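Line order of the protein sequences matches chains A and B.
So the first sequence is numbered by the working numbering: it starts at 7 and just counts up by one.
So the second sequence is numbered by the working numbering: it starts at 18 and just counts up by one.
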Amino acid sequence: MRLRDRLARALGLERFLVGEGPQPGPVELHRRRVYILPSRTGLGFALLLALLLLGATNYGNSLGFMLTFLLFGMAWAAMHHTYRNLVRLRVQAGTAAPVFAGSPARFLVELDDATGTARHALRLRLPDGDPVTVDVAGRDRAILSRPTTRRGWVALGRFTIDTVYPLGLFRAWAHVDLGQRCLVFPRPAPPGGPPPPGTARSDRAGAAGRDGDDFSGFRAYQPGDPPRHVYWKGVARAYGLLTKQFGGDVREELWLDWDQVPESEIEARLSRLCRWALETEAAGLAFGLRLPGATVEPGHGEAHLERCLTELALFRAGETGR
Amino acid sequence: MRTAELYPRLLAGMVLVGAPLALHQPPWLSLGWLLIVLLPWWRLSRGRTLPGPWLRVPLAIAGLLAVLATYGGVHGRDPGVALLTTMIALKLLELRSLRDLYVTVFLGYFLVMANLLYSQEPPMAAYLLLSVLVLTATLVAANRGPARVALRDELRLGGKLLLQGLPIMLILFFLFPRIEGPLWHMPEERDQAVTGIGEEMSPGDISRLVQDDSVAFRVTFDGAVPPPAERYWRGPVMWFTNGRRWRAGTLPGTRGGFRGLGDPIHYDVTLEPNRQRWLFALDLPVDIPDGARLTDDFQVQVDNPVNERRRYRAASVTEYLAPGLSPAQRRSGLQLPGVVSPRVRELALDWRAKAADDRAVVDLALAHFREQPFVYTLEPPRLPGDPIDGFLFETRRGFCEHFATSFTVLMRLAGIPTRVVTGYQGGQMNPFGGYLIVRQSDAHAWTEVWLPGRGWTRVDPTAAVAPERVERSIDAGAGLGSDGAVQFRGLGGSFGVSLGEQLQLLIDNVYAQWDLWVLGYGAARQLEVLSQLGLGIESWRDITLALAIAIGLLLPLIGWSILRSPGRTRDPAARLYRRFCDRLARRGLPRADHEPPCRFAERVAAARPDLAGAVGHITALYVGLRYAPATRAGDLAALRRAVRAFRA
């Protein structure tokens, strides 16, 4: 825990500095959640007003007083515009597509103006990240990125939405934690390593077992294939026409096995398995995954690949980044 | 770079603010300013970067030296403002980050203040308000989000912010406790030569002054306005002469036995700065403002020259007995120039011999002016020798000071204590503001003679020659008549006044109210105005309390009204839908903020089945435009038509 957070807790200022804990679901930034203080520019502006007031008093300059007071009134109005720009904004967690370790995790944050008020120049910022600026008219989204180094779950954690619009004299902010998390797959081992064992074998045995009971994979549709073997879901996913193959006893099974990985260190092994899974999938072969304590039956397709990668990501891991 | 995009806007704003200062600054500064502003504009418009410190540092040193060389220092208004503008110009060469932009805009606001030190007239105020708007819009532009916003919208938001600040400004302006006088000493500005009545007078001084149409002071009377012939505004009283020059001064005297006949006239004067130590008051003042001094010859004097517009209240009587005459006053009232020509002396002694008493001598002298061919003219011939003799016997053409001074010398020769009084006579009523305008062109000189039993009595020899003078004002702008005689204005009031002159009076009224309510609203006036409200405000403590209450109520009110009004949304569909909801709200069917459009439509349809069709149509269009992934091009126009046609 950072020193600031610890101090905040000690002083009972948690909500002010840290915000509330993780809240899944849409969060509306109600009045008690939005804070506002003069920005550094605003303090400079206050100094300007003081100097103008001093000058007006010294020269007995009536319009100088007017100028000073007009600018004060303007700043007062601007403060409420700044506050209104943020308050009652509805924030909701969007999706966060899984990534491979090393590439940034991209979290979608959905923003909804909730009151029909256009919001300008809202800045979303992670404690240690660069701000992302968005305008919100109706419903918009912002993408917050967080670098990843390790596989497993990475949480977005607390981020800050703030705004200085329209004049930059005041900063209104709210801390939000939507409990969003993103799955991080192991970083694939560099290409060019040893191929997955068993890929050398072709699927010549497949033809024999074409009419068996167990699904063994896909192949391109050939006229004459029975319609119930056509993979219709694949049509909808724009894979083209595929025919499901079913093998008999001599089923061709490609297993990506923990014990067959040449590397010895855990993360290196997972990286290697990750690379193999990607290559096998790319080659259009069905494969299964066997890890100590977890097995994924052989399969094919995007969902299958993702399932395998998820197993790899979460292998013997609690959640990281939290 | 964002700042590069904002730069032309910022430069335009700064040029707008800085331009009027060119009137008050040496040409090198204005020219250099323009060059420095153009340089970065030129470079950035070609996508190049700004020059580095190798240019800024030498320029800063050169600017400082140039200011020092021009003004001989940096203390005071002019060099201070020159230094400020120089440094701002150099700041413009340094615009890199958003922070530099903020600093520059703030310096721009400061330049507005610098402008106000030179002029606070209504046109300048309007101009500077526009500049403030442009600067504020630049701040808005600097803070906007990624979406492109039209300049018009930025100006609109800037204007909105200023408008919302306006009530706060007014409350603070009227209730913020003002402090009298400067906080620190400032060197006096000597650059403005101010014309007006002075403490010395030579023939020709007043006729020169009469060419000047500027306002000397304005007067508001409590009751009826005295007739033109009684409007003698008393200024310096001249006792001493060397024959050509006349000089004012105070003598040990007495006002003993003074008695006003008739009710005193109360009035407020707003005196324009004249750098003199006199306040002008209607003849003769009986009640004078605090801090002023009434001398024994009824001059109202102040310790410090009137360098700023000054408002004061006084009371006067136009009929009176003023018998006080001290030995010193008698001696000075009979003092003669070193040289008096024999025929002047002869003329006076002749009247003395003919007349039974002093009063008769005065009448004979006035008759002389009336019957002899004297001409009242603005352009009297020069009098190189003895001016009294030359005027009375040679040229016989003169202005009021010629008549007054020669009359005085003649009376003194006849043994009657006499003094010259200078000031203003007459004035023009402004029907729009109900006040009297006294201009420099109303400058006048008259005399007072001391008559036994009656005391000091006003005699205006000019009136004997040109009776119109005391009835009307001189129209200096109209030039001279065919014989060189003076042209007069029409009688006061709107009757017989030309359209142009009416317009002039209207503008003068605007300026007068501006002076009264804006420029003249200082510590004294603030207390005066606030105490008249009847709220028991008697001191600056009360003012502070009133301010605290008023601002404590106003500030939250403004904030509340901003927070409850939804901001302008860019989405035209949302705007149209909001208008539709407003119409329904007026019919008692408000939409709750959290209510989805479809559910709202259901509720409305249940409450008003007759509207169900239109509401359903509008809601469907709106939901389609807002939430459907792709919308047809005609939908927005259809929504606009439907909302326009919708009558709840």
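No residue lacks a Cβ here, since even glycine has one placed at the ideal position from N, Cα and C.
Keep in mind that this is a model prediction, so the values were computed, not measured.
Backbone secondary structure at residue i - three-state DSSP
{"i": "GLU667/B", "result": "Past the boundaries of the shown model lies residue 667/B; chain B is included only from 18 to 665, so the question cannot be answered."}
{"i": "VAL98/B", "result": "helix"}
{"i": "PHE293/A", "result": "strand"}
{"i": "GLY158/A", "result": "strand"}
{"i": "GLY355/B", "result": "coil"}
{"i": "GLN389/B", "result": "coil"}
{"i": "GLU216/B", "result": "coil"}
{"i": "ARG210/A", "result": "For ARG210/A, the pLDDT reaches just 43, beneath the cut-off of 50, and the residue's location in the model is therefore unreliable, although a value from the coordinates is still provided. ARG210/A falls in the helix class under three-state DSSP."}
{"i": "TYR538/B", "result": "coil"}
{"i": "GLU485/B", "result": "helix"}
{"i": "ASN324/B", "result": "coil"}
{"i": "ARG362/B", "result": "helix"}
{"i": "GLY171/A", "result": "Inspection of the sequence shows that residue 171/A is occupied by Tyr rather than by Gly. Looking at TYR171/A - three-state DSSP - the assignment turns out to be coil, as it is neither helix nor strand."}
{"i": "PHE663/B", "result": "coil"}
{"i": "GLN457/B", "result": "helix"}
{"i": "VAL97/A", "result": "strand"}
{"i": "ILE554/B", "result": "coil"}
{"i": "THR139/A", "result": "strand"}
{"i": "GLN530/B", "result": "helix"}
{"i": "SER349/B", "result": "helix"}
{"i": "SER582/B", "result": "coil"}
{"i": "HIS634/B", "result": "helix"}
{"i": "LEU409/B", "result": "helix"}
{"i": "ASP627/B", "result": "helix"}
Under 9 Å from the C-beta of residue i: neighbouring residues of chain A
{"i": "VAL455/B", "result": "Result: empty, since nearest Cβ-Cβ is about 23 Å, beyond 9 Å."}
Beta-carbon proximity list for residue i, same chain, < 7 Å, skipping 5 on both sides
{"i": "LEU155/B", "result": "In the sequence under discussion, the amino acid at residue 155/B is Thr, which differs from the Leu named in the question. The residues are LEU23, ARG26, LEU27, GLY30, VAL122."}
{"i": "GLY407/B", "result": "LEU400"}
{"i": "LYS108/B", "result": "VAL120, THR121, LEU124"}
{"i": "PRO269/B", "result": "SER343, ALA345"}
{"i": "PHE512/B", "result": "Bear in mind that the predicted position of PHE512/B carries a pLDDT of just 49, short of 50, making it unreliable; the figure below should be weighed with that in mind. Within the same chain, PHE512/B has no close Cβ partners at all."}
Any non-hydrogen atom of the ligand NAP within 6 Å of residue i CB
{"i": "ALA148/A", "result": "With respect to the ligand NAP, the structure offers nothing, as it holds no ligand at all."}
8 Å Cβ cut-off: residues of chain B touching residue i
{"i": "TRP282/A", "result": "Those do not exist, as TRP282/A stays about 39 Å from chain B at its closest Cβ, beyond 8 Å."}
{"i": "ASP168/A", "result": "Neighbours of ASP168/A on chain B: none; closest Cβ ~12 Å, over 8 Å."}
{"i": "LEU54/A", "result": "PHE123, TYR126, PHE127"}
{"i": "VAL140/A", "result": "GLY162, PRO163"}
Cutoff 6 Å; reference residue i; Cβ partners in own chain excluding five residues on either side
{"i": "ALA483/B", "result": "TYR393"}
{"i": "THR561/B", "result": "PRO194"}
{"i": "ARG173/B", "result": "none"}
{"i": "GLY252/B", "result": "ILE214, TRP295, PHE297, THR439, GLY440"}
{"i": "ASP183/A", "result": "PRO28, ARG164"}
{"i": "GLY509/B", "result": "With a pLDDT of only 46 at GLY509/B, under the threshold of 50, the placement of this residue in the model should not be trusted; the figure read from the coordinates follows. Cβ within range, chain order: GLN445, MET446."}
{"i": "PRO137/A", "result": "ARG129, ARG131"}
{"i": "SER237/B", "result": "For the sequence presented, residue 237/B should be read as Thr rather than Ser. Only ASP285, TYR452 meet the Cβ criterion."}
Reference residue i, options the options, closest by Cα
{"i": "THR435/B", "options": "ARG347/B, GLY80/B, LEU381/B, THR66/B", "result": "ARG347/B"}
{"i": "LEU183/B", "options": "ALA563/B, ILE575/B, LEU533/B, PRO613/B", "result": "ILE575/B"}
{"i": "LEU299/B", "options": "PRO390/B, SER224/B, ARG475/B, GLU411/B", "result": "ARG475/B"}
{"i": "ALA331/B", "options": "LEU338/B, LEU364/B, PRO322/B, PRO281/B", "result": "PRO281/B"}
{"i": "LEU656/B", "options": "TYR644/B, CYS598/B, THR636/B", "result": "THR636/B"}
{"i": "HIS4/A", "options": "ASP525/B, LEU145/B, SER114/B, ARG161/B", "result": "Nothing can be reported for residue 4/A: it is not among the residues displayed for chain A, which extend from 7 to 328."}
Partner residues on chain A for residue i, Cβ-Cβ distance less than 7 Å
{"i": "ARG643/B", "result": "GLY144"}
{"i": "MET130/B", "result": "LEU58, GLY61, GLY70, LEU73"}
{"i": "ARG328/B", "result": "Going along chain A, no residue has its Cβ under 7 Å from ARG328/B, so there is no contact; the nearest lies around 13 Å."}
{"i": "ASN160/B", "result": "ALA127, VAL170, TYR171, PRO172, LEU173, GLY174"}
Neighbouring residues, chain B, relative to residue i (Cβ below 7 Å)
{"i": "VAL182/A", "result": "Under the 7 Å cutoff, chain B gives no residues; its nearest Cβ is about 19 Å from VAL182/A."}
Per-residue contacts from residue i into chain A (C-beta, under 8 Å)
{"i": "ALA345/B", "result": "What ALA345/B touches in chain A: nothing, since even the nearest Cβ is about 40 Å away."}
Nonlocal neighbours in the same chain, by C-beta distance under 8 Å from residue i, ignoring five residues either side
{"i": "LEU564/B", "result": "ILE188, LEU189, LEU192, PHE193, PRO194"}
For the stretch 214 to 232 of chain B against the stretch 249 to 264 of chain B, do three or more pairs of beta-carbon atoms, one drawn from each stretch, fall closer than 8 Å, so that the two count as touching?
yes
Decide yes or no for the touch test of the stretch 348 to 368 of chain B against the stretch 278 to 288 of chain B: beta carbon pairs closer than 8 Å, at least 3 of them.
no
Cβ pair count under 8 Å reaching 3, the stretch 34 to 43 of chain A against the stretch 82 to 95 of chain A
yes
Count Cβ pairs between the stretch 141 to 160 of chain B and the stretch 52 to 70 of chain B that sit closer than 8 Å; are there 3 or more?
no
Just checking, does the stretch 282 to 296 of chain A make contact with the stretch 152 to 165 of chain A on the three C-beta pairs under 8 Å criterion?
no
Should the stretch 301 to 312 of chain B be regarded as contacting the stretch 372 to 380 of chain B, the criterion being three or more beta carbon pairs within less than 8 Å?
no
Contact the stretch 129 to 146 of chain A vs the stretch 165 to 178 of chain A: 3+ CB pairs below 8 Å
yes
Does the stretch 183 to 197 of chain A come close enough to the stretch 43 to 58 of chain B that 3 or more CB-CB pairs lie under 8 Å?
no
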